[in-house]
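Colleague: Okay, here's the structure, questions in a sec.
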Amino acid sequence: MDEAISHYPADRRRSAALPLLHLWQEHFGFISDEGVNWIANKLHLQPINILELVTFYPMFRQQSAGKTHIRVCRTLSCAMAGSYRLMENLSAAAGIDRKIDNNGMHNPISVSADGNYSIEFVECLASCGTA
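If you're matching positions, the sequence shown starts at 5 in the numbering used here and goes up one per residue.
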């Protein structure tokens, strides 16, 4: 983490927030409250400044993913090719009950009861030609 921060001038430490969030999630699997507080402290920011990033960017998760994590693109070409139906079918096959009411989260991750599978919508996976 210190290595990532060292790439930014002291007066621009805030710019290291996204790289640190990626590193935290890569190591722990999701961004916990502890992670938000630790990163905020490390960058001399308020936790809300980090939480804003976590809740804004859909690539950050606030809960652990399953052993097998499935991402389904929801952008236009994939949606037109049936990604929403695919999400329904994958969720049913994995025994995941996707919530309609997401309690304010823009893209909640859903995890099967046994923890083996998780599924979430994501933005473009850069495979539009195969949609």
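Here a beta-carbon is modelled for each residue, glycine too, at the ideal position from N, C-alpha and C.
1. With DSSP run on the structure shown, which of helix, strand or coil describes His-11?
2. Helix or strand or just coil, what does DSSP make of Ala-44?
3. Where does Phe-125 land, buried or exposed, given buried means 16+ other C-beta within 10 angstroms?
4. Which whole-angstrom value describes the C-beta separation of Ser-95 and Ile-123, a residue pair presumed to lie in contact below a C-beta threshold of 8 Å?
5. Who are the near neighbours of Ala-44 in its chain, counting only those whose CB is closer than 7 Å to its CB and skipping five residues on each side?
Modeller: By the coordinates alone:
1. Of the three classes helix, strand and coil, the one that applies to His-11 here is coil, per DSSP.
2. In the structure shown, Ala-44 falls within a helical segment according to DSSP collapsed to helix, strand and coil.
3. Phe-125 comes out buried.
4. Rounded, the Cβ-Cβ distance is 6 Å, consistent with contact.
5. Contacts found: Gln-50, Pro-51, Asn-53 and Ile-54.
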